[in-house]
Amino acid sequence: MLLTVILLSTAILGATSLVGLLMVYELRYSGDVVSSAQAIFAADAGIECASYRTYKDTAKVCGSVSAPIVLSNGATYRVEFMTGSVARSVGQSRKTARAFEKILDQ
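If you're matching positions, the sequence shown starts at 5 in the numbering used here and goes up one per residue.
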């Protein structure tokens with residue numbers, strides 16, 4: 005009888021601890037929504053810069069891996085021009101990074 009109570013208590017404690025840990029992770033992710041939005045808008049700015057560089061001004065600097073462009077809110081973006089007229093823009097804010105790719109036809 006005592007062994008059954010101990011086993012059931014251990015199972016309930018383990019399940020409760022697991023649920024609590026999952027809740028902590030979810031709260032951590034939901035609190036980083038601002039960084040995610042900043043990273044998305046930074047990546048969008050990078051795609052706009054790549055489009056401007058392709059269609060208007062080939063001398064425009066759009067940031068690189070070694071020298072990303074820093075925006076006023078602290079977010080950064082860098083643009084990689086890949087083969088096949090593809091531009092990839094990666095925006096980053098704090099520890100969150102978001103990316104867009106666009107095919108640039110001339």
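Positions of the beta carbon are idealized from the N, C-alpha and C atoms, including for glycine. Computed from a predicted structure; not experimentally measured.
- State the DSSP-derived secondary structure class of T87, mapped to helix, strand or coil. coil
How many Å lie between A91 and D61 at the Cα?
15 Å
Practice problem: Step through the CB atoms of chain B and report whether any lies within less than 8 Å of the CB of K99. | Solution: You won't find chain B in this structure, because it holds only one protein chain.
Smallest Cα separation from Q96: which of V37, Y59, I10, A47?
-> A47
Check each candidate in S89, G78, I10 and name the one with the smallest Cα separation from F45. G78
### Query
Which residues bound the alpha helix (DSSP H) around T20?
6-34
Pairwise C-alpha distance: S13 and S39:
40 Å
Inter-residue Cα distance where the pair is I10 and V28: 27 Å
Buried or exposed (CB count within 10 angstroms, at least 16 for buried), R32:
exposed
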